[in-house]
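Participant: Handing you this structure, nothing more for now.
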Amino acid sequence: MKKRVVSMLLCVAMTAAMVAGCGSSSGDSSSDSGEDSGSSDVITVGFSQVGAESDWRTANTESMQETFTEENGYELIFDDAQQKQENQITAIRNFIQQEVDYILLAPVTESGWDTVLQEAYDADIPVIIVDRMVDVSNDDLYTTWIGTDSLLEGRKAAEWLNAYATAKGWDASELNIAHIQGTMGSTAQIGRTQGLEEGVEKYGWNLVAQQCGEFTQAKGQEVMESMLKQYDNINVVYCENDNEAFGAIDAIEAAGKTVGTDIANGEILVISFDTTNAGLTDTLAGKIVCDVECNPLHGPRAEELIKALEAGEEVEKLNYVDEEIFAYDDTVASVTATNSLEEEGDYAVTVITQEIIDGRAY
Amino acid sequence: MSNQKSGLKKITSMRLFMPIVCLLVIIIVATITIPGFLTISFQNGVPYGYPVDVINRASELVILAVGMTLVTAASGGQDISVGAVMAVAAAVCCQILSGGEVSVNSLAAPIILAFLAALAASALCGAFNGFLVAKLNIQPMVATLILYTAGRGIAQLITNGQITYIRVDSYQIFGSYIGKFPIPTPVIIAVVVVIITYLILKKTALGLYIESVGINGTASRLVGLNSTMIKFLTYVICGILAGIAGFVASSRIYSADANNIGLNLEMDAILAVALGGNVLGGGKFSLMGSVIGAYTIQALTTVLYGMNVSSDQLPVYKAIVVVIIVVLQSPVFQKALASRKAKSQAAKPAAEGGN
């Protein structure tokens, strides 16, 4: 009897959760139009998104929804997978049944995509992977990939630091860097760490401390607190995302030190990534001196690729979106860095203003 | 000689002996490996140093450990949803303070209102757990597993999946300092929580009731205790304490980060209870033991940071400690120990007799 009550309770809870889940996702899919138009001039695109776990992800979704509108000649079928791979696999199978022209997939994990991508391949539907990579046995299963280049981001930050130090007349051996890493093994952590470590080797800075802050503010704060007690000579902090930087800045200020550019007088210079709204606000205030963008606006690039595929052109397998560098002051005008495809490029450094922050989508 | 020996035995058999030894071992190791570990200096009028960090950072864990001790004692199981309940409380609190905005520079509602709402939400979570465990007799781990998985989702729903920032100084004092007062606010909150709980347990019969329900629920019911109600109450208290911990954690980072607030903290809280010499199967408990256990865990964490151990390796060291404690507490080990003792005692007179 008791068992039955419990199982009933569980069933009710589950159903309620599903209803609630559906309710919230239907709110997201604003551009989801029910009927299939079937006309050949409208391009149907199915987009399976991971979820809405961060500002970055929300901006990524909105970028797609703003690009693939009916006015631009697209029909977007949007699916929010709520962090579950099985939801994404179901969504892709639905897309195949609905005979969409293109599938956009922002995968939640790297592995486990072989079967469903083979089905899409057999149905002759090109698949464009967004953001994270998929790990499949045969690379032909997806057409192309769009994402951010975290190695380039790391290199940009390192080159910026070198140019900034040179302009200010600081000797490389004077720079004592504390490095707060992201979640170990994540793509962003690997690229951004490599970027800094290359810089350390190339320019001879002192990397005094290196510790993982798991991309969170609380950990960033705790780790920085510990580093400040171990080393009293830290003058540069390299945080791998804005949240860690907020925590580090709090810890520095709690220890009675200040953040800024005047390292000769004991200030600590903070470098960060992601350029979230809050991060850029801190950049404007001079707390973060350099913030390197991790661009979520993949929509325009995806449209470019789809247009090229429509015209029957070959596209590159890996496509990186353009990303900017924002700084507190104009000491460094541009940096030269090499991206993951070994192409060297010049990247302008933008001085942050309130208008830029207001004008950004995220 | 024998007098001295029995004195030593008295000390070692004291309830708080093992927890204090654990803490001392960590402090000694830290003093040897990290230069200046025990020094406290003053910066900006507030104390600064590793010991301050340990005591400050352990505050949330101490608060959680108090609740976990009561739940463990009464129901013989653990509430693994406390971390998620922290996130729910933080989400409710920040959402009320921000009035629905993602980031605000002024409060939309008084802090006390948001605080009470957060406590109400966490008490509700606790009541849900308590209902499942006390009324429906579901295993505590399984019952609290529901909120453990769903809690963060609920918090996400409340905050619309965003990190809500409250950039207001009057909110930040609960995670830092009140003006120039030299003791961190979280420490004050933790101490107040421990003292109030201690007084309630000692001045009323609640402590005794909890122990008797934990030792034998049926027998307690037969002598007239409402064991269902007492179990239910401990879960509600545990929920409220998780809410307070969530409030402190959110004030520290002046935001509600539904994904990360209190992440994996439930395991630390259970570990604190175990380290405190409490039997995880329920019954007699020691509140102070759990509190010392909580400080021990934070000391371990801070020391490992100080020794440059990467934070993702921390669980390994914690796991080693857990394994040792659980083995020491296991009935098989206890039995083996007891039989060895009996054997050596039996062997002694025999040897003497042979002489």
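Chains as they are written, first to last, in the UniProt record's numbering: chain A, 1 to 362; chain B, 1 to 355.
Ideal placement from N, C-alpha and C gives every residue a C-beta, glycine not left out.
1. How long is the line joining the alpha carbons of Glu269 (chain B) and Ala118 (chain B), rounded to whole angstroms?
2. Return the chain-ordered list of same chain residues with a C-beta closer than 8 Å to the C-beta of Ala333 (chain A), the five sequence neighbours on each side being excluded.
3. In its own chain, which residues sit with a C-beta less than 7 Å from the C-beta of Gly23 (chain A), not counting the 5 before and 5 after it?
4. Is Pro110 (chain B) buried or exposed, if buried means 16 or more other CB atoms sit within 10 Å of its CB?
5. Return no unless some Cβ of chain A is closer than 8 Å to the Cβ of Thr228 (chain B).
6. Assuming the contact rule is C-beta atoms closer than 8 Å, Thr266 (chain B) and Gly153 (chain B) should be a hit. Round their C-beta distance to whole Å, please.
7. Name, in chain order, the residues that DSSP records as bridge partners for Gln210 (chain A).
8. Near Phe115 (chain B), what residues of its chain come up, given a Cβ to Cβ distance below 8 Å and the 5 sequence neighbours on each side ignored?
9. Quick one: is Asp169 (chain B) near chain A, going by C-beta distance under 8 Å?
10. Under a Cβ-count criterion, where at least 16 other Cβ atoms within 10 Å of its own Cβ denotes burial, should Ile112 (chain B) be classed as buried or exposed?
11. Cα-Cα, which of A:Ala278, A:Val270, A:Val134 is closest to Val236 (chain A)?
12. Strictly under 8 Å for the Cβ-Cβ distance: is Ala254 (chain A) near chain B by that measure?
13. Hey, Thr185 (chain B) and Tyr177 (chain B): beta-carbon distance below 8 Å or not?
14. First and last residue of the beta strand (DSSP E) that includes Asp169 (chain B)?
15. Do you know how far the Cα of Asp53 (chain B) is from the Cα of Leu23 (chain B)?
16. With DSSP as the reference, label Leu104 (chain A) as helix, strand or coil.
17. Output the distance between the C-alpha atoms of Ser33 (chain A) and Glu75 (chain A), rounded to the nearest integer angstrom.
18. Can you have a look at Ser41 (chain B) and say buried or exposed, based on whether 16 or more other CB atoms are within 10 angstroms of its CB?
19. Would you say Ser29 (chain A) reaches chain B, if we count a Cβ-Cβ gap shorter than 8 Å as a contact?
20. Quick check for students: name the residue ranges of the alpha helix (DSSP H) that lie wholly in the stretch 243 to 302 of chain A, counting only runs of 4 or more.
21. Leaving out five residues before and five after Thr61 (chain A) in sequence, what residues of the same chain have Cβ atoms less than 6 Å from its Cβ?
22. Mapping the DSSP letters down to three states, classify Gln332 (chain A) as helix, strand or coil.
23. With distances taken between CB atoms, is the gap from Ala158 (chain A) to Gly195 (chain A) smaller than 8 Å?
24. Using C-beta distances below 8 Å, list every residue in its chain close to Ser137 (chain A), excluding the 5 sequence neighbours before and after it, in chain order.
25. Starting from the Cα of Asp149 (chain A), find the closest Cα among A:Arg93, A:Thr353, A:Val292, A:Lys168 and give me that residue.
26. Excluding the 5 residues flanking Glu153 (chain A) on each side, which residues of the same chain have their C-beta closer than 7 Å to its C-beta?
27. Should Ser59 (chain B) and Ile189 (chain B) be called a contact, given that it needs their Cβ atoms to be closer than 8 Å?
28. Pull the bridge partners of Pro47 (chain B) from the DSSP assignment, please.
29. Verify whether the separation of the beta carbon atoms of Ala209 (chain A) and Met227 (chain A) is less than 8 Å.
30. CB-CB under 8 Å to Glu110 (chain A), same chain, minus the five flanking residues each way: which ones, in chain order?
31. What does the Cβ neighbour count give for Asn122 (chain A), buried or exposed, with the cut at 16 atoms within 10 Å?
32. Using a C-beta cutoff of 8 Å, does Glu244 (chain A) count as contacting chain B?
33. Where does Gln345 (chain B) land, buried or exposed, given buried means 16+ other C-beta within 10 angstroms?
34. Counting C-beta neighbours from all protein chains within 10 Å, is the total for Met14 (chain B) 16 or more, i.e. buried, or is it exposed?
35. Would Glu343 (chain A) be called buried (16 or more neighbouring beta carbons within 10 Å of its own) or exposed?
36. How about Gly126 (chain B) and Val273 (chain B): are their beta carbons less than 8 Å apart?
Facilitator: So, from the listed chains and residues:
1. For clarity, residue 269 (chain B) is Ala in the given sequence; the question names Glu instead. Each residue's Cα considered, the two are about 20 Å apart.
2. Ala348, Val349
3. With a pLDDT of 43 at Gly23 (chain A), under the threshold of 50, the modelled position of that residue is not reliable, and no figure is offered here.
4. exposed
5. Not closer than 8 Å to any Cβ of chain A, the Cβ of Thr228 (chain B) fails to qualify, so no.
6. At residue 266 (chain B) the sequence reads Glu, which differs from the Thr that was named. Rounded, the Cβ-Cβ distance is 16 Å, inconsistent with contact.
7. A:His179
8. Cys93, Phe247
9. no
10. exposed
11. With distances taken between Cα atoms, Val236 (chain A) lies closest to A:Val270.
12. yes
13. yes
14. Unbroken run through Asp169 (chain B) is the alpha helix (DSSP H), 169 to 172; no beta strand (DSSP E).
15. 15 Å
16. strand
17. Note that Ser33 (chain A) has pLDDT 42, beneath the 50 cutoff, so the model's placement of it is unreliable and no number is given.
18. In this structure Ser41 (chain B) is exposed. Its beta-carbon is surrounded by fewer than 16 other beta-carbon atoms within 10 angstroms.
19. Bear in mind that a pLDDT of 40 at Ser29 (chain A), under 50, signals an unreliable position, so the model cannot answer this.
20. Those alpha helix (DSSP H) runs which fall completely within the stretch 243 to 302 of chain A and span 4+ residues are 277 to 284.
21. Gln49
22. The sequence given here places Val at residue 332 (chain A); Gln does not occur at that position. Coil, per DSSP.
23. yes
24. Asp114
25. A:Val292
26. Gly191, Arg192, Gly195, Phe273, Val292, Cys294, Glu323
27. yes
28. In the DSSP output, where bridge partners are listed per residue, Pro47 (chain B) has B:Phe42.
29. yes
30. Arg132, Met133, Val134, Asp135
31. Per the sequence shown, the amino acid found at residue 122 (chain A) is Asp instead of Asn. Its Cβ having fewer than 16 others within 10 Å, Asp122 (chain A) is exposed.
32. no
33. Exposed.
34. exposed
35. exposed
36. no
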